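Enquirer:
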Amino acid sequence: GNSVTQMEGPVTLSEEAFLTINCTYTATGYPSLFWYVQYPGEGLQLLLKATKADDKGSNKGFEATYRKETTSFHLEKGSVQVSDSAVYFCALNSGGSNYKLTFGKGTLLTVNP
Amino acid sequence: DGGITQSPKYLFRKEGQNVTLSCEQNLNHDAMYWYRQDPGQGLRLIYYSQIVNDFQKGDIAEGYSVSREKKESFPLTVTSAQKNPTAFYLCASSANGQGIEAFFGQGTRLTVV
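Protein chains in written order, with the working numbering: chain A, 1 to 113; chain B, 1 to 113.
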């Protein structure tokens, strides 16, 4: 079956630090990969996605590259802000008869001023 | 504005009572999902529906029931058979297809006392 493994948090950084959150996956076929963000007390919002190998998703300064050879989709940002403090989820969906998302356990990021 | 609406935001129930969580979407999406979120557990899929009048069990369906009589609506009932119902519940919808992201509601926090 499909699975997603994220680095465990929490991650605490100072403002303007470099961020990496690791994500690896196991899936049948050729999955699409997503990063979602959840701010306190809210639902999830799509941050970025990639649908095929070597695609790079990017949004709001965040980037992730779909690496099929290492089955990875690591999230990076060059300079984090306090407002980036949230929980980040890596997810995938694959084809076949359904397209439901499989999520990692989430990584809590706290950015201090 | 198009979106997905969950109500209520907070819900309190006594142990042994059934409770129904509402989820409505006006995005014209075929697929809808219910997830449960617990600290450190990430998101776990309860039920999903790819088309009206049809739904499938997810990974943790025991103690829950759903219906999909209308495309816009996918209510979740938490029954008295659910042993640990206190959690944050998230509803999502999407078009069917690989690489298509899901849109999430704001969530309902259910507390059973």
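Heads up, the beta-carbon is just placed ideally off N, CA and C, and yes, glycines get one too.
In this text the structure is predicted, and so the values were computed from the model without any measurement.
#1: Does the segment 70 to 78 of chain B come within contact of the segment 27 to 35 of chain B, defined as at least 3 CB pairs closer than 8 angstroms?
#2: Using 10 angstroms around the beta-carbon of G106(A), count the other beta-carbons present and answer buried if the total reaches 16, otherwise exposed.
#3: Where does V111(A) fall in DSSP's three states?
#4: Return the chain-ordered list of same chain residues with a C-beta closer than 6 angstroms to the C-beta of T71(A), the five sequence neighbours on each side being excluded.
#5: Please state whether the Cβ-Cβ distance between N26(B) and G2(B) is less than 8 angstroms.
#6: What number of angstroms, rounded off, separates the C-alpha of D54(B) from the C-alpha of A61(B)?
#7: Are the C-beta of L101(A) and some C-beta of chain B separated by less than 8 angstroms?
#8: Quick one: give me the first and last residue of the beta strand (DSSP E) that N93(A) is part of.
#9: For a contact meaning CB atoms closer than 7 angstroms, what does L46(A) contact in chain B?
Expert: Let me spell this out:
#1: yes
#2: Buried.
#3: strand
#4: T24, Y25
#5: By the CB criterion at 8 angstroms, N26(B) and G2(B) fall inside the cutoff.
#6: So the alpha carbons of these two residues sit roughly 15 angstroms apart.
#7: Output row for L101(A): interface = yes.
#8: 86 to 93
#9: E101
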